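Report on the structure given below.
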Amino acid sequence: MNQTATVAWTNWSGSVVARKAMVSRPRGLAELADVIRTAPGPIRIAGAGHSFTPLVETDGTILELERFQGLVSHDAIALQATVGAATRLGDLTKHLHAAGQGLANMGDIDKQSIGGALGTATHGSGVSLGAYHSQLRAMEIVDGRGDVRQLTIDNDRETIEATGVTLGAFGALTEVTLQNIASYRLRRRRWVVPIGDILASCDTFMSAHRSAEFYFIPFSGHALLITSDISTADVSPRPAEEDEEGLATLKQLRTWLGWLPPLRRALIGAALARLPEEDYVQDWLNVYTSDRRRKFNEMEYHLPYEEGPRALAEIITLTEKHFPEVYFPMEVRSVAPDEFWLSPFYRRKTCSIAIHHDAAEDPKAFMAAAEAIFRRYGGRPHWGKMHNLVAADFASIYPRWKDAMAVRRSFDPDNRFVSPYLARLLGVA
Ligand SMILES: Cc1cc2nc3c(=O)[nH]c(=O)nc-3n(C[C@H](O)[C@H](O)[C@H](O)COP(=O)(O)OP(=O)(O)OC[C@H]3O[C@@H](n4cnc5c(N)ncnc54)[C@H](O)[C@@H]3O)c2cc1C
33 MNQTATVAWT NWSGSVVARK AMVSRPRGLA ELADVIRTAP GPIRIAGAGH
83 SFTPLVETDG TILELERFQG LVSHDAIALQ ATVGAATRLG DLTKHLHAAG
133 QGLANMGDID KQSIGGALGT ATHGSGVSLG AYHSQLRAME IVDGRGDVRQ
183 LTIDNDRETI EATGVTLGAF GALTEVTLQN IASYRLRRRR WVVPIGDILA
233 SCDTFMSAHR SAEFYFIPFS GHALLITSDI STADVSPRPA EEDEEGLATL
283 KQLRTWLGWL PPLRRALIGA ALARLPEEDY VQDWLNVYTS DRRRKFNEME
333 YHLPYEEGPR ALAEIITLTE KHFPEVYFPM EVRSVAPDEF WLSPFYRRKT
383 CSIAIHHDAA EDPKAFMAAA EAIFRRYGGR PHWGKMHNLV AADFASIYPR
433 WKDAMAVRRS FDPDNRFVSP YLARLLGVA
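Its first residue numbered 33, the sequence shown is counted upward by one per residue in this note's numbering.
Right under this line is the structure:
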């Protein structure tokens, strides 16, 4: 028997709540297939609930696949590892490091499940580094009829490219095989520059490092630059994180000086000038990610790489003219192109710009205004972060949209995974 309970489900930021859903935690493959066949629909699959879009929301059944976690096997020669799809990234990194392997790149946190990270094309930064799904070599997925499908990149490349950014719309992933690299060490550096400098040299900066990104601090005129490059040096201590304290200060200054931008700018600028440069060496799994305790909502658009600086300049002007409530830094990253049909990086070198808004405040006006700019620059939204696009929009910005939807129908002919939100997203009547 699978375990079920009727409880409210909520995402990390609290922006999505599923009050009426039944939660099911199948204990194995046969039970999972049975739930998909028989449980009240629509069925949605939850990872760690770190998406800001209502991908998991349903009045039917939410599948929590916590039994499908952990390292299944690894290949020390091919540097591949097979893991349960619900494995949290933080656990995955430890399994891989112990096996002498490393993820080629990571995003900002390690709380997501690998299935969820694949589900929305989660990514880190690096002009030659792809998102997590670009590491996919094989997958086991239970489709909408409860049939178990085993796919490998050698035999089923097209199908994996069609379904790899899953959106939880093709079936429930139970195991995935990832192509990794040998475990490695990174030198991490962080320093502050005037925003004008980095806007003028964005490509040079991004291209000069294996992984580079920057955060623009609103109403400060400055950006924090962060780089990570392979190193063989001895490890050195990673400085204590002060992001949360920094955000608390930015919020205070916003509240006290929101309508006095010059004073706000002067005080933040002075604080940033005192920020010590960071420079340390650590094993890869201790470098990429941070704790994110202060809750926010987020929108991220993936733009043609060369449009990044101009789009960011417009977003900054918009924010500083019309949205004094904004205090969270804006994050700017690059991502390598790939061949996955529903990937925002499909055949496109990308500059990603993320904007954030306090989770206790209404983000709609800010995000709608920013979205108009992102769309004008040909942006594709992050699947897991706030946006207002529907199927017709995606059909115009994803060259293989129709093909991907045909594959989806073959995986889920009865629309078991189609909630009202998914229906709008995918154009299912
Ligand atoms: C604090 C914070 C920091 C973040 N940092 C980054 C970042 O640096 N880079 C970035 O790109 N994104 C980032 N994100 C977004 C986040 O990585 C994505 O939203 C990701 O999809 C969340 O993974 P999850 O395990 O929580 O999945 P969920 O949000 O629970 O689910 C996401 C999608 O995956 C599907 N899914 C989950 N598991 C499975 C499975 N086993 N089989 C099939 N489908 C499945 C779900 O149905 C859903 O459609 C961040 C989010 C937060 C809250």
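Beta carbons: idealized from backbone N, C-alpha and C, even for Gly. Just so it is clear, the structure is predicted and the values come from calculations on it, not from any experiment.
Practice problem: Go through the segment 68–152 residue by residue and report every complete run of the beta strand (DSSP E) that reaches 3 residues or more, in order. | Solution: The DSSP assignment places 75–78, 93–96, 103–107 and 112–116 as complete runs of the beta strand (DSSP E) inside the segment 68–152, in order along the chain (cut-off: 3 residues).
Quiz item: In or out: W373 buried (at least 16 other Cβ within 10 Å) or exposed?
Solution: Here residue 373 is taken as the residue at index 341 of the sequence shown, counted from 1. Counting the other CB atoms within 10 Å of its CB gives W373 a total of 16 or more, which places it among the buried residues.
Quiz item: Less than 7 Å between the CB of R76 and some heavy atom of ligand 1, yes or no?
Solution: Indexing the sequence shown from 1 puts residue 76 at position 44. Within the cutoff, so yes.
Quiz item: Does the count of Cβ pairs from the segment 124–142 and the segment 182–197 closer than 8 Å reach three?
Solution: At 8 Å Cβ cutoff, the stretches do not touch.
Quiz item: Excluding the five sequence neighbours on either side, which residues of its own chain have a C-beta within less than 8 Å of the C-beta of D446, listed in chain order?
Solution: On the sequence shown, position 414 is the one that residue 446 refers to. For D446, same chain residues with a beta-carbon under 8 Å away, outside a window of 5 residues either side, are G176 and R177 in chain order.
Quiz item: What is the DSSP secondary structure of D323, counted as helix, strand or coil?
Solution: Taking the sequence shown and counting its residues from 1, the one referred to as residue 323 is at position 291. DSSP places D323 outside both helix and strand once states are collapsed to three, so it counts as coil.
Quiz item: Out of curiosity, what's the CA-to-CA distance linking Q182 and F443?
Solution: As a working note, residue 182 is residue 150 in the sequence shown. As a working note, residue 443 is residue 411 in the sequence shown. Approximately 13 Å, taken between the alpha carbons.
Quiz item: Hey, out of H334, Y378 and I230, whose CA is closest to H419's CA?
Solution: Position 387 of the sequence shown, counted from the first residue, corresponds to residue 419. Among H334, Y378 and I230, the Cα nearest to that of H419 is on H334.
Exercise. Note down, one range per segment and in chain order, each beta strand (DSSP E) of at least 3 residues found wholly within the segment 166–222.
Key: For secondary structure counted as the beta strand (DSSP E) over 3 or more consecutive residues, the segment 166–222 holds these complete runs in sequence order: 168–175, 180–184 and 203–211.
Quiz item: Got a sec: is the Cβ-Cβ distance from P86 to anything in chain B below 8 Å?
Solution: No chain B is part of this structure, which consists of one protein chain only.
Quiz item: Which whole-angstrom value is the C-beta distance of N329 and S83, which I expect to be below 8 Å?
Solution: Your numbering for residue 329 matches position 297 in the sequence shown. Your numbering for residue 83 matches position 51 in the sequence shown. Not confirmed; about 11 Å, so no contact.
Quiz item: S243 and L124: beta carbons closer than 8 Å?
Solution: In the sequence shown, the residue the question calls residue 243 occupies position 211. In the sequence shown, the residue the question calls residue 124 occupies position 92. With respect to the 8 Å criterion, S243 and L124 are not classified as neighbours on the basis of their beta carbons.
Practice problem: Identify the continuous alpha helix (DSSP H) that holds A303 and give its terminal residues. | Solution: Position 271 of the sequence shown holds residue 303. For A303, the enclosing alpha helix (DSSP H) starts and ends at P293 to R306.
Self-check item: Close-in-space but distant-in-sequence residues of the same chain around G290 (CB under 8 Å, 5 per side omitted)
Solution: The sequence position of residue 290 within the sequence shown is 258, counting from 1. Contacts found: R296, P356 and E357.
Quiz item: Hey, how far is the Cα of L256 from the Cα of A368?
Solution: For this step, residue 256 is matched to residue 224 along the sequence shown. For this step, residue 368 is matched to residue 336 along the sequence shown. Within the model, the alpha-carbon separation for L256 versus A368 is close to 22 Å.
Quiz item: What's the C-alpha gap between G340 and R120?
Solution: Here the question's residue 340 lines up with position 308 in the sequence shown. Here the question's residue 120 lines up with position 88 in the sequence shown. So the alpha carbons of these two residues sit roughly 31 Å apart.
Quiz item: alpha helix (DSSP H) containing Y312: first to last residue?
Solution: As a working mapping, residue 312 is identified with position 280 in the sequence shown. That residue, Y312, is in no alpha helix (DSSP H); its beta strand (DSSP E) goes E310 to D315.
Quiz prompt | Beta-carbon gap between M54 and P72 smaller than 8 Å | solution = Residue mapping note: residue 54 aligns to position 22 of the sequence shown, counting from 1. Residue mapping note: residue 72 aligns to position 40 of the sequence shown, counting from 1. Yes, they are a contact pair.
Quiz prompt | CA-to-CA distance, P361 to I387, given in whole angstroms | solution = What you label residue 387 is simply residue 355 of the sequence shown in a count that begins at 1. What you label residue 361 is simply residue 329 of the sequence shown in a count that begins at 1. I387 and P361: Cα-Cα distance of roughly 7 Å.
Quiz item: Is the beta carbon of L279 less than 8 Å from the beta carbon of R222?
Solution: If you number the sequence shown from 1, residue 279 lands on position 247. If you number the sequence shown from 1, residue 222 lands on position 190. Using a Cβ distance threshold of 8 Å, L279 and R222 do not count as a contacting pair.
Exercise. Out of L205, P431, G116 and G151, state which residue places its alpha-carbon closest to the alpha-carbon of V379.
Key: In the sequence shown, residue 379 corresponds to position 347, counting from 1. Here the sequence assigns Arg to residue 379, which means Val is not the residue at that position. It is P431.
Self-check item: Where the beta strand (DSSP E) containing T382 begins and where it ends
Solution: Counting from 1 along the sequence shown, the entry for residue 382 is found at position 350. First-last of the beta strand (DSSP E) with T382: T382 to D390.
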